[in-house]
Amino acid sequence: MTELETLLLSGLKKRNALEVDALRPVVESYLVVLQEKARLRREVSAFDKRTKALAEEKDTLKRELLDKDDNEGKAALAEQLTTRNAELGEEVMQSYKENARIAQELAAKVSEITVLREEFDKSTTENEKLHLTISELGARNKELLQQLEDEKNNCRVLHVELDTISEEKQGLEKQIGDVKVENRKLVDMLLEMKEKEAERMNAANDYYDNVVSNANLQAMRKMSQGAQGGGLGGDWEGLDAAEFGGGYLPKSVKHVLSDTHEGFVHAACFSNKGTLLATGGADQIVKLWEPKKGSCSSTLRGALGSILDVKFTPDDNFVVAAGADGALRMWSVESGRCKHTLTGHRDKVHSVSFASSESKKCVSGGQDRTIRIWDLNKGYCVQNIACGSTCFSVAMSQNGSFVYSGHFDGSVRVWDFRTGSLEKQLSQLHTSQVSSVVTSPMSDRYLVSAGKDNTIKVVDLVNFETVQVLENPGLRCGGNKVVPCISPDDSTVACGSNNGSIYMWSVRTGGLEHELKKHKNGVLACAWSPSSAMLASADQKGDVIVWD
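In the working numbering, the protein residues as written are 47 to 594.
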């Protein structure tokens, strides 16, 4: 007998004891009452027969009395009859009383029988229901037993399949182990080949730099000789000192560069001289533009993932782009050739930054929660800083002493560029992730951070206090990275929104100064030209607008 059958039988026995055995005294009492009723009926019948016999005897005596002729005999007989009649009357009275008592007892017993009959009928009905329930439970039990048997069969089949899969898993794990070993060997070989290739490239680049250095030196001398009076000379010729960083706000559209990239344009950056504009997007290419003409001067290829950030080196000779493929690439502005592919990050590289005083090193931040410092002469990482939280943006101070980083945990961290040590942490500067940080382009006065909490914070880098919180009901920082910018004179902050608008706030008052509306899609990045004369904005559709 299975455990289920034993459990079911035990339950039925308990129910039988509760509902059947409880009625057993009632049924037995009912049977006793029936027996008593039969006995009383027999006694009543006997009394009836006795009464009838006495009546017949009385009639017989009366007839005998009439037949007697002798008066004495009649008198004696009459006296005898009278005595006998009195006795019979007494017996009849006792019989009636006994009959009355029996009738009362009978009525009480009948009433009890009626109650017992009702209880019996009720018990019978419940018993029938119990029998029906037992039948249903029996059928259900059979069904469950069949299901149990089927499940046991299925389990046996599954155990066989599991054993087969386990054997296959062990085989695959062994294959994976072999592949990992082979992969490590291939990676080591690849790194060795890259190092050798980098050495060859460095030698070729050094030779190339020596060849063109004289021509560049002569060009720079001509540019410096062109500076006269209050003009800025060189590439700044034609812009007076008042216009350079003089608080000018671009408000009109100069050029609309439609479909510059396929998909999102994540990054936009002016060269340090303001003559070129670099953009990078989801189509894995970097484009260089002449912002005054609105024409594309160069297209830089080679990335294997979306371009998430782009910066010019301080001397404007190279462009460095951070990619979603985990690498940074460095192209020559003049030739368009890729000089270095900087590998080391284990996930997306979200940001890259330079200091104006440091042309040969840059800093990057990535999804792998590390900040890396790169030697651009040698093309490899010279320092790796574990920052504990995903780094979405990095910015260097203009003097090259500090690195500022924005993180997923809403904090901004300050690092010593030379030692890599954490100098200060602005915990929970934003209530959600910090998507971007930028510093004053001409000084180390302010740090501007944008967060997914739809606020822009302006931090004084002297005392690290928040001096302004810039907000607007229309400001929505929808993506992982929305890049604001600060004007060269530190007077105005501009930031794009998911609704296609660009908002400009006064740093001094925190009030909204102007709103630019032209984009039809969310604006991801803004960049101010060093002269303040132009502002570039890039959106999610691939459009770039130059404002003046």
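Glycine is no exception: its CB is placed at the ideal position from the N, C-alpha and C atoms. Values in this document were obtained by computation on a predicted structure and should not be read as measured data.
With a 10 Å radius around its C-beta and 16 neighbouring C-beta atoms as the bar for buried, classify L194 as buried or exposed.
-> Exposed, because fewer than 16 other Cβ atoms sit within 10 Å of the Cβ of L194.
Only counting runs of 3 or more residues, tell me where the beta strand (DSSP E) segments fall wholly within the region 352-425, in order along the chain.
-> 353-358, 364-369, 373-378, 384-389, 395-401, 404-412 and 416-421
My guess is that K319 and D362 are in contact by the Cβ rule of under 8 Å, so how many angstroms apart are they, rounded?
-> 6 Å
So, helix, strand or coil for K98, using DSSP?
-> Secondary structure at K98: helix, using DSSP grouped into helix, strand and coil.
Three or more C-beta pairs below 8 Å linking the region 336-344 and the region 541-553 = no
Integer Cβ distance of G546 from V528, believed to fall under 8 Å = Actually they do not touch by this definition, with Cβ atoms about 13 Å apart.
Just the C-alpha distance for L204 and D414, rounded to the nearest angstrom, thanks.
-> 41 Å
Sufficient close CB pairs (3 or more, under 8 Å) joining the region 401-417 to the region 340-347 = no
Does the region 304-312 come within contact of the region 571-589, defined as at least 3 CB pairs closer than 8 Å?
-> Touching, per the Cβ criterion.
Could you check the C-alpha separation between V206 and E51 for me, to the nearest Å?
-> V206 and E51 have their C-alpha atoms some 29 Å from each other.
Three-state class that DSSP yields for M442 in the structure shown = strand
Quick one: measure Cβ to Cβ for P360 and F316, integer angstroms, because I've assumed they're closer than 8 Å.
-> About 13 Å separates the two Cβ atoms, so there is no contact after all.
Considering D585, what are the terminal residues of the beta strand (DSSP E) in which it resides?
-> In the DSSP assignment, D585 falls within the unbroken beta strand (DSSP E) covering L581 to D585.
Just the C-alpha distance for F463 and H301, rounded to the nearest angstrom, thanks.
-> 38 Å
In three-state terms, what does DSSP make of C427?
-> strand
Which of the three DSSP states, helix, strand or coil, is assigned to C201?
-> helix
Under 8 Å, do D589 and H565 count as touching if we go by C-beta distance?
-> yes
Per DSSP, S495 forms a beta bridge with which residues?
-> V483 and K503
Who are the Cβ neighbours of G434 in its own chain at under 7 Å, not counting the five residues just before and after it?
-> R415
Which partner residues does K470 have in the DSSP bridge list?
-> BP columns for K470 point to V460.
Which class does M550 belong to by DSSP, given the choice of helix, strand or coil?
-> Shown here, M550 sits in a strand according to DSSP, grouped into three states.
CB contact flag (F166, V79, <8 Å) | no
Can you give me the Cβ contacts of M376 inside the same chain, cut-off strictly under 6 Å, excluding the 5 residues immediately before and after it?
-> Contacts found: F364, V366, K385 and H386.
Pull up the distance between the alpha-carbon of K83 and that of V90, whole angstroms please.
-> 11 Å
Nearest-angstrom Cα separation, counted from N199 out to T179 = Those two C-alpha atoms are separated by around 30 Å.
Assuming S495 contacts V458 (C-beta within less than 8 Å), just tell me the rounded distance between them.
-> 6 Å
Do V483 and A441 have their CB atoms nearer than 8 Å?
-> yes
Boundaries of the beta strand (DSSP E) in which Q514 is found, first to last residue | E511 to L516
For S344, which residues does DSSP report across the bridge?
-> L334
Range of the contiguous beta strand (DSSP E) that encloses C433 = Where C433 is concerned, there is no enclosing beta strand (DSSP E), given that its DSSP letter is neither H nor E.
Out of L507, S486, D355 and K424, which has the shortest C-alpha to C-alpha gap to F438?
-> Of the residues L507, S486, D355 and K424, the one whose Cα lies closest to the Cα of F438 is D355.
Given a threshold of 16 other Cβ atoms within 10 Å of its Cβ, counted over all protein chains shown, does N24 qualify as buried or as exposed?
-> The requested residue 24 is not part of the displayed model; the chain covers only 47 to 594.
With a Cβ-Cβ cutoff of 8 Å, do L475 and T485 count as a contact?
-> no
CB Q481 to CB G456, shorter than 8 Å?
-> Position check: residue 481 holds Ser in this sequence, whereas Gln was assumed. For S481 and G456, no; Cβs fall outside 8 Å.
Can the beta-carbon of A328 be found less than 8 Å from the beta-carbon of S352?
-> yes
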